Structure formats: structure tokens, C-alpha cells
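Protein chains in written order, with this note's numbering: chain A, 1 to 285; chain B, 286 to 570. Ideal Cβ positions, reconstructed from N, Cα and C, are used throughout, including at glycine. No experiment lies behind these values; they were computed from the predicted model shown.
Number of protein chains: 2
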Amino acid sequence: MKPHFNRVTIIGVGLLGASLGLAMKARRLAAHVVGVGHRMITLDTALARRAIDEASLDAAAAVKDADLVVLCTPVVRLIGLLDAIRPYCTREAVVTDVGSTKAALCAHAVRTWPTPRRFVGSHPMAGSEKFGPEHADADFYAGSVCLVETGPDLDTAAREVVVALWRAVDARVVDIDPALHDEVLAHTSHLPHVVASALARTAARHGKAPDLVGKGFHDTTRIADSRPEIWSEICLTNREAILAALAECQGNLEQFRAALAAEDGPALERLFEEGRAARRRVIEG
Amino acid sequence: MKPHFNRVTIIGVGLLGASLGLAMKARRLAAHVVGVGHRMITLDTALARRAIDEASLDAAAAVKDADLVVLCTPVVRLIGLLDAIRPYCTREAVVTDVGSTKAALCAHAVRTWPTPRRFVGSHPMAGSEKFGPEHADADFYAGSVCLVETGPDLDTAAREVVVALWRAVDARVVDIDPALHDEVLAHTSHLPHVVASALARTAARHGKAPDLVGKGFHDTTRIADSRPEIWSEICLTNREAILAALAECQGNLEQFRAALAAEDGPALERLFEEGRAARRRVIEG
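Here you go:
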């Protein structure tokens, strides 16, 4: 069922926040959208794009009458923000977020948010190399997967509202436990960013080499072009799981190094074969 | 100028060899194309596709009257093949190959091939996940870069013929020293295959996770789906350079690990920033 909100407060009006405002307004899901930011120029851009109806520099004031609050700031600010708005949210307000890591945030909410909990963590897996409200798109979330937190302390009705919200902006919702989310994403998203970056840095010693670069290098390093501050923060909020995944990957590279050093063709072939089979299994499900 | 050959012998009629046959015949560059293989079924497919006019199981016999010989076998066989055909090639024959590594092969040719040398190494950077003559395509090389060996002992006219051949099948030719070729490609092609494979193996512990896999994982691991035997052999023929590149990449990953373990946000951000800058420099030239 299509949800409808009287007053939506979106905190953080970058690409994700402004796109959500546009998506909700285009689909008539909200009567009034308030955007919260700390820089007037960003808020002005979001207003000019009609992603929000009203701009505010004060998150506490802006959440007071909201029936939906969506946190769209960088991940490192989410826990502090949740604490800051908690005294001002109404009992009826449904609160969610769009952060790329979930374990620490949702565990914090379990400890601090009133129960049954009406804060329900989300992770829409939509992205772009672009950023800022100037690139907002009403169909930004369309066709993407949105991971939505599961947990015994959640308010069932609030969770249904969050699920309905993402479905209404044309995302496909997948349920996930927050700890498992971070453990799996460490392997399928965070570690690939670390590895792509390390690979790009390794190639840098040759300087300019556009004629010697094929599609393989382009694709393996594409996400090395992501925003450094965003990825530094994502790594810090999923540190343990990424360290474990990285250590495992370092071990896998060391197996390759040893096989190549020993000129062990069958071992190399077996490792490449395992990589191919692993990728197919992970992706094809 | 468009070259023309009376008798072309293509040794190895897989995807690359059969595509070259098709490309030359479609562009009327060859009066007669002989394909050499060691399995009749592959040769029959190449014949059925009209990629070759005649099939042979005997490389020595097939090169005897050829004015152009192109070696299209897996890289590990190229040095042995060069030795095997040398006594049977005419003085006038121009010989080239399509191998992904060049240093060892070209160094061997410098030592063994008559001078001025009419064997000129090539590396067309065209590829596909598909293989076998059944996927051959007359435009397989169109729009790709073909790296062609430079060296003081090369016969100038023979080199011009090789350059003209690749241009005639619509590739763009870039000159390169064979040792530099392998050194750079270790970073821009071979190491990315090793790393993509290690990354895929690291993710495998989670088994099927298609809903938790974004475009980032898809792209960083795409080449992990390449043929294991081909990449094992490429690694073995460029062992020293890949070992050096791999050690460097392992060092870069270790820097990431240390910064993350220390929760050093500025260091992490600096590493991601270096990766982004490095990729742009390498690719954009």
C-alpha cells in the first residue's frame, strides 16, 4: 500500500536526501517536505530543485511535527544525530536512515530508542559517482535493492511504513539483520573499495598509460574514484568486519604470491578456478 | 596502406585466431588462409565459420609457403612454437603473434630469429569472456588498441607489414618496448586479474548473496570470471613483474589495514584520495 505523510523531515540534503525528497514529491507521498542541513547553499539548491518545500538549519526543531524523519547524513554522524533528535521526535514519528553501515547504529538504537522501536534502519543500495542535491533524481532509488533492518524490538507498524516507503519509490526491499548486514557488506562492498583503491595506487608508478589500460583495469578500479571522505567514514563505522575481510583477502593474495613464486601452474590455475566459482556463487545466488 | 597476403597461416584457431581469419577475409586482405590446430573439432568449426579456407594439424608444413604467419596459441606455447616453425618459414615470411606477454617471447626471438628480424611481436588488447572459434567475429579487433614491438634488430619493412595488418582490421597501433610492455601490463592487466580473483574468493565464505551485491562488487570482480588456464599461463610468462607488482599491492593494502586498525580517519582518507588520483592519472593520461 502506498504510504502518505503529512510532514517529512529529511536531515541531510545531498544526493540521497534530495533524491528521496524528489522521489516522494513526484509520487505524491508527502504533503510537506522539510530539508535540514548545515550549509545554506546546499539547502538553497535542494529548494531550487524542489526536492524540499522548506529549509531548516535546526534538526531538533524540524523533527517536532514530522510523521517521518529520514537521516541522510554521512554515516559517522548518524549516532550523534539519533541522540540529538530523540527528545524532539513525537511518539508517532517513524524514523529511518540511508547509511551504508548498520550494526553500530542499530545496536545504538536498540539501547537508546523507545520500545517498541519506531527507528528502523535502512540501506538503499543505490549510488552514483555524483553527489550533491544538484544531481538529485526522482528515480534515483528505482530498481535498486533497499536493505531494511529486522529485529525483535521493532514496532511492526513502523517497520511496515519504512518498507512501504522504499517500495513506493520503486526499490525492492530485502530484510536483513544489522550485524549480518555489516559482515556481508564488508566483503561485497567495503573491501572491494579498499582493494580497488590499493590496485589503483599500485599502478600509479607508471604515470600516464591510457593506451595500456584495458577494460579489466577500468572495471576493477572504477570504485577507486569514489569520494575519499565518505569511504574513510564507512570503513571506520565497520572497522572490525572490514579488518577481518581484509586479513582474509591478504591471505588469499599471499597464496597467489607463493604459487607464482614457486612457478606452480596447477596451483595458480586452481586459485583462479576458485575465484571464478566463488564469484558465480556469490552473484548468482 | 592496406596489405595483401597470398597465403596466411594462423596457428591456433580459437577466438583470437579465428576472428583474425574472419577479419582478414571480410576485408579481402588474404587470398588463402590456412588454420593450424591440434584438435580437428576446433578446425572444423573454424572452417564452418569460414574463418579459414584450409585446416592443418602440422604447423611446420603449413608455414612453408606462407607470406604471413600469426601465432594465436596460449602464451606458454609461443616460444616452443617459434622454435618449431623457424626452419620452415621462408626468408620473406612475416611472423607475428597475439600473446598477452611479450618480454620473454621477444627476447627469445632476438636470440634465435634471423636478422634483420621478421618476427615482430604483437599484443592486440581485444578480449571477451567467450572463447573458441564459434564466437569468432570479423570486427573482433575493431576499435581496440594493438601494441606492436619496437626493437633495433627488427626488419623495418616487416614491422610495417605487421602495423598495416592491425590497422587494416581496424585496430589502433601503439609502439612499445617488450620489457616495458610486461612491466606496465603487470600493473594494468595481470595484477588486476589476481586481485579480482582474491577478492571473489574472500567473498565466497558468505555463499549466495545476490541481493547484497552491488555494482561495485560486480565490476571489481568481473575479470575473476576469466579462464583459469589462460591466466595461470599469462602469470607464469610474466612472473617477475607480477611478483613485484603484487608485493607493492600487498604493501598498499597493509597501509590501509594499519590506518583502519589505528582508527586513523585522516590517513584512510588520504589513502583513498591517492587511489582516486592515481586511477585518474593512469587512465586519463
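Cβ contact (3+ pairs, closer than 8 Å) linking the segment 478–490 of chain B and the segment 178–194 of chain A | Touching, per the Cβ criterion.
Of the residues M40(A), A31(A), G265(A) and G37(A), which one's Cα is nearest the Cα of L68(A)?
-> Residue A31(A) is the option with its Cα nearest to L68(A).
Out of A262(A), T9(A), D53(A) and K130(A), point me to the one whose CA is closest to A343(A)'s CA.
-> Because chain A is modelled from 1 through 285, residue 343(A) falls outside the range shown and cannot be assessed.
Name the residues in the segment 229–255 of chain A whose C-beta lies less than 9 Å from a C-beta of chain B; which are they?
-> Residues E229, I230, W231, S232, E233, C235, L236, R239, I242, L243, A245, L246, A247, E248, C249, Q250, G251, N252, L253, E254 and Q255.
So what does DSSP say about E149(A), is it helix, strand or coil?
-> DSSP places E149(A) in strand when its eight states are reduced to three.
One or two residues paired with F290(B) in a DSSP bridge | Answer is A315(B).
Cβ of P210(A) within 8 Å of Cβ of E569(B)?
-> Result yes, Cβ atoms of P210(A) and E569(B) sit closer than 8 Å.
Taking all protein chains shown into account, do 16 or more other C-beta atoms lie within 10 angstroms of the C-beta of A311(B), making it buried, or fewer, making it exposed?
-> Exposed, by the Cβ-count rule.
Does the beta carbon of S56(A) sit closer than 8 Å to a beta carbon anywhere in chain B?
-> For S56(A), the answer is no, since every Cβ of chain B falls outside 8 Å of its Cβ.
Please report the residue range of the beta strand (DSSP E) in which H123(A) lies.
-> Start and end: S122 to P124.
Determine the direct distance from the alpha carbon of L484(B) to that of G251(A), and round the result to whole angstroms.
-> G251(A) and L484(B) have their alpha carbons spaced roughly 11 Å apart.
D97(A) classed as buried or exposed, judged by whether at least 16 other C-beta atoms fall within 10 angstroms | That one is buried.
Continuous alpha helix (DSSP H) stretch holding R565(B): start and end | From DSSP, the alpha helix (DSSP H) with R565(B) extends over G550 to E569.
Kindly say whether P210(A), judged by its beta-carbon, lies nearer than 8 Å to any beta-carbon of chain B.
-> For P210(A), the closest Cβ of chain B is nearer than 8 Å.
Under 8 Å between C-beta atoms, does D177(A) make it to chain B?
-> Answer no: the Cβ-Cβ gap between D177(A) and chain B never drops below 8 Å.
Given a limit of 8 Å on CB to CB distance, which residues of the segment 113–127 of chain A reach chain B?
-> The segment 113–127 of chain A vs chain B, Cβ under 8 Å: M125 and G127.
For I515(B), which of D139(A), R270(A), C106(A) and G151(A) has the nearest alpha-carbon?
-> Checked all of D139(A), R270(A), C106(A) and G151(A); the closest Cα to I515(B) is R270(A).
Could you tell me which residues DSSP pairs with V380(B) in its beta bridges?
-> Answer is V354(B) and F404(B).
Return helix, strand or coil for A369(B), following the three-state DSSP convention.
-> In the structure shown, A369(B) sits in a helix (DSSP, three-state: H, G or I).
Which residue's Cα is closest to the Cα of P116(A): T101(A), V148(A), L105(A) and D155(A)?
-> That would be D155(A), whose Cα lies nearest to the Cα of P116(A).
Between D53(A) and the rest of its own chain, which residues show a CB-CB distance below 6 Å, the 5 nearest in sequence each way excluded?
-> Closer than 6 Å at the Cβ level, and outside the excluded window around D53(A), lie H32 and V33.
What distance in whole Å lies between the Cβ atoms of A481(B) and T506(B), which are believed to be in contact at a cut-off of 8 Å?
-> So it is a contact: roughly 5 Å between Cβ atoms.
Examine chain A for any beta-carbon lying closer than 8 Å to the beta-carbon of S304(B), and answer yes or no.
-> Under the 8 Å criterion on CB atoms, S304(B) is classed as non-interfacial with respect to chain A.
Compute the beta-carbon to beta-carbon distance between V567(B) and K130(A), rounded to the nearest angstrom, for a pair I have assumed lies under 8 Å.
-> 22 Å between Cβ atoms; not a contact.
In chain order, what residues of the segment 350–365 of chain B put their CB closer than 7 Å to some CB of chain A?
-> Correct list: empty, as no residue qualifies.
Spatially closest choice to D170(A) from D225(A), G275(A) and D139(A), by CA coordinates | Check the Cα spacing between D170(A) and each of D225(A), G275(A) and D139(A): the tightest is with D139(A).
Interface residues of chain B facing F140(A) [CB-CB closer than 8 Å] | Against chain B, the beta carbon of F140(A) has no neighbour under 8 Å; the closest one sits roughly 14 Å away.
Taking the C-alpha atoms as reference points, what is the distance between A93(A) and P114(A)?
-> Roughly 11 Å between the two C-alpha positions.
How would you list, in chain order, the residues of chain B whose beta-carbon sits under 7 Å from the beta-carbon of E269(A)?
-> Contact note: E269(A) reaches chain B through P513, E514 and S517, using a C-beta cutoff of 7 Å and chain order.
Residues of chain B with CB under 7 Å from V184(A), in chain order?
-> The contacting residues are H491, A494 and L497.
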